[in-house]
Amino acid sequence: MSSFASLRASRDARLAPTRHGVGSASDPASSASGSATAQAAGTPSDQAVVTACTSTSSAAIAGTTTTPSPATMALFPDLAPSPLEVRTSPTSGRGLYATRSITAGSTILVTQPLVGAVSTANLQQTCSGCFSASKKVSRCAACKALHYCSAQCQRQDWAQHKTECAALTRLRGMWARAYPDRARAGGDWTQVANMESHAKSLPEADKMKLASQVQHLRHYLSAATPDPEDPDTLHPADMAEYGFTSALELLDMCSAFSVNSFTLSTGDLTPVGVATSPLCALFNHSCEPNAVVVFPRAGRGMHVVAISDISQGQEVLTSYIDVSLPYAERQDDLLERYGFTCACPLCTRNADLGWADPRWCLLHRGCKSGGRGRVPNLRHDGQATVRCSCTKTFTVDVPQLKNLVESGKSVLAQDERGTLDPSTALSTLTSLVPRLAGLMPPSAHPLLQLLRLHALLLTPPATAVQQAEVATLLTAAAQGARESHPENHPTVGVILATRAKVMAMDVDGAVGAAGAAAVGRPVVAPQGDDSLGRVMLSPEGRRAKLDQLAACVGALRDASAACDLGFGHGGEVSEDLQSVLVGCERELDMLRR
């Protein structure tokens with residue numbers, strides 16, 4: 006293996022100047038609000054990597070001198086077929102810029118993550134080879150930890166899993182020795198060494214946490230190569246064997262992986278683990294991104310998709326965090342995880358006291374113009390006066406609002422931890438969601454997330470009444486997501502897809518051909534090629550069914566168009582929608598005969 010120190014030295018020679026946010030000082034030693042940063046595993050929703058935000062406007066780009074970076078381009082062969090090039094800017098450091106005009110919905114980069122790992126909570130239902138969620142996975146017979154959907158996936162993953170498997174069998178594991186060729190030639194380490202690390206600038210408490218991770222890693226590595234004289238004891242590995250000559254180098258690597266990782270997700274944005282891509286780590290951050298990083302198909306392929314038209318020479322920006330969160334939470338996440346505060350156009354707009362962010366605002370009930378007001382400080386005791394965008398004022402009971410918001414966040418936290426009891430949550434949400442909806446628009450946090458969770462817990466619906474309730478919840482969620490996300494964001498497409506498939510379900514009888522994909526159940530229907538069209542219906546029932554199917558077809562087409570823009574053309578969600586759409590159109594045609 007090439008020396009990590011030599012790779013680090015070569016990286017330092019190539020690194021661009023320290024990145025800074027828009028409007029920040031150019032002093033590399035400036036505060037966190039001005040310092041640049043690499044990105045790390047975000048939410049689900051959200052991804053990519055390197056610095057404080059920059060404006061995406063043409064005017065901003067025209068006023069910024071950028072130069073191509075051939076050395077960095079040479080490190081990433083996947084950039085060659087893409088309409089992207091690496092440039093360095095005196096204000097924002099390295100970034101990826103469009104070499105030609107790009108239209109919304111275009112896939113502008115396809116690459117493979119350097120490393121991917123399924124989270125512990127998802128190990129038993131996710132293939133560790135292709136990362137697809139499957140009900141039929143088989144456990145590795147040796148380590149009994151990882152699962153695979155097929156023998157082919159297990160064979161393809163064996164080069165990475167072999168050493169880990171042996172280690173896990175003895176309560177240890179790591180992948181390093183599974184790549185002897187890469188180790189000798191340097192291989193992936195060249196890209197790893199070019200990832201940014203924040204180890205030197207971390208607060209002391211964070212350095213201690215990172216040092217603890219390093220110790221765990223050393224014990225994990227040593228478990229794969231036990232000491233023959235003391236096989237029952239785990240001794241910290243000698244990291245010099247892996248090319249590290251100092252503790253700081255190891256801290257740098259751990260920090261770089263933490264700061265340059267992404268949420269590994271399924272085709273419908275369901276998070277299942279974490280992935281690292283030094284190439285995608287070159288994208289800079291904005292809370293109003295013009296591109297997203299997604300995994301549109303089961304497998305290791307990471308796609309970067311433009312969600313708005315991008316001009317030649319414009320910087321391509323992604324988001325490191327959930328952009329549907331309010332300003333304060335976005336800033337806290339960015340500062341805590343990545344070490345910077347954001348000054349993108351969306352964050353800058355928060356300084357306008359006359360603007361009510363749809364992510365964190367209150368409804369002015371009775372306002373003829375549908376006005377909204379900012380959420381007051383939740384530490385306020387008693388009634389607070391809120392100014393509506395219509396210039397009038399209204400009052401809100403702050404303790405009551407705080408209690409509702411905290412209750413909602415508690416439910417969401419339980420769901421994220423995997424400790425949510427469905428029956429208890431349904432009981433809570435049945436009361437909580439309407440109360441919050443009386444105070445906030447569906448775009449506001451945490452109502453938007455609670456609407457989606459409530460719908461999920463009611464799916465598949467058991468009755469027509471429940472089906473209508475789920476559709477209503479998802480309609481509100483889609484409306485809210487459109488306000489709280491950039492245009493064409495894949496989250497909106499996923500919500501619309503879920504809503505359309507629920508609408509396609511026939512809950513009065515068996516699940517029909519059109520709705521089977523919505524719940525993953527086999528079709529149960531009378532025999533015959535056109536049996537669904539021969540079901541005896543009254544004239545009123547026939548008209549109702551025709552109206553239902555026509556609405557389903559419209560909803561499915563809208564969802565399909567949204568997913569094509571958010572995920573790029575194709576992908577699991579779009580293909581699933583097309584399958585359901587064909588079934589609905591067939592049923593509609595039969596009923597019209």
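Residue numbers for the sequence shown follow this note's numbering, so the first one is 6 and each next one is one higher. Even for Gly, the Cβ is constructed at its ideal location relative to N, Cα and C. None of the values given here were measured: they were computed from a predicted structure.
Residue i: buried (16+ other C-beta within 10 angstroms of its C-beta) or exposed?
i	result
Ala-467	exposed
Ser-565	buried
Lys-506	buried
Ala-103	buried
Gly-514	With a pLDDT of only 46 at Gly-514, under 50, the local geometry of the prediction cannot be trusted, and the value read off the model is given with reservation. Exposed, by the Cβ-count rule.
Val-587	exposed
Thr-72	exposed
Thr-429	exposed
His-494	buried
Arg-422	exposed
Val-310	buried
His-166	buried
Gln-159	buried
Ala-146	exposed
Leu-377	Checking the sequence, you will find Arg at residue 377 rather than Leu. The residue is buried, with at least 16 neighbouring Cβ atoms inside 10 Å.
Gly-485	buried
Taking only three categories from DSSP, how would you classify residue i?
i	result
Cys-393	strand
Ser-584	helix
Thr-323	strand
Leu-284	coil
His-308	strand
Arg-105	coil
Val-328	coil
Ala-361	coil
Leu-114	strand
Val-416	helix
Val-298	strand
Ala-449	coil
Leu-383	coil
Thr-464	coil
Thr-346	coil
Leu-437	helix
Leu-444	coil
Leu-351	helix
Leu-425	coil
Across which residues does DSSP place residue i in a beta bridge pair?
i	result
Phe-81	DSSP lists no partner for Phe-81.
Asp-402	Gln-388
Gly-98	Ser-94
Leu-367	Gly-378
Asn-289	Leu-322
Ser-270	Pro-276
His-152	Arg-144
Val-123	Gly-278
Thr-131	Ala-138
Ile-315	Ile-107
Thr-72	Thr-93
Please check the pair residue i and residue j, which I expect to be a contact at CB under 8 Å, by giving their CB distance rounded to whole angstroms.
i	j	result
Met-307	Val-298	6 Å
Ser-139	Leu-151	Contact doesn't hold; Cβ gap of about 13 Å is too wide.
Ile-113	Ala-296	7 Å
Arg-364	His-450	6 Å
Gly-576	Cys-589	The Cβ separation is near 20 Å, so there is no contact.
Pro-447	Ala-482	6 Å
Gly-626	Gly-121	In the structure displayed, the chain extends from 6 to 598; residue 626 sits before or after that span and is not available.
Cys-366	Arg-379	6 Å
Arg-105	Pro-88	5 Å
Leu-339	Val-499	Actually they do not touch by this definition, with Cβ atoms about 24 Å apart.
Val-438	Leu-455	6 Å
Pro-301	Gly-272	6 Å
Met-508	Ala-476	6 Å
Going by C-alpha to C-alpha distance, which of the options sits closest to residue i?
i	options	result
Gln-401	Cys-372, Gly-375, Leu-368, Ala-430	At residue 401 the sequence reads Val, which differs from the Gln that was named. Considering only alpha carbons, the answer is Leu-368.
Gln-436	Gln-454, Leu-453, Tyr-332, His-459	A quick correction: the sequence has Ser, not Gln, at residue 436. When only C-alpha atoms are compared, the closest one is His-459.
Asp-594	Asp-552, Glu-580, Pro-465, Ser-329	Asp-552
Ser-489	Arg-160, Phe-300, Ser-155, Arg-335	Arg-335
Ala-284	Cys-366, Leu-461, Phe-81, Glu-545	Inspection of the sequence shows that residue 284 is occupied by Leu rather than by Ala. It is Phe-81.
Ser-97	Ala-486, Val-512, Phe-345	Phe-345
Arg-562	Lys-167, Val-585, Gln-157	Val-585
Arg-440	Leu-409, Ala-418, Leu-340	Leu-409
Ala-389	Lys-407, Cys-372, Lys-373	Lys-407
Glu-492	Thr-77, Gly-571, Thr-433	Gly-571
Asp-511	Leu-554, Ser-579, Leu-582	Leu-554
Leu-318	Ser-579, Gly-100, Pro-544	Here the sequence assigns Gly to residue 318, which means Leu is not the residue at that position. Nearest of Ser-579, Gly-100, Pro-544 to Gly-318, Cα basis: Gly-100.
Arg-487	Ile-312, Gln-129, Leu-287	Ile-312
Thr-131	Ala-560, Ser-270, Leu-287	Ser-270
Tyr-343	Ala-286, Lys-414, Cys-372	Ala-286
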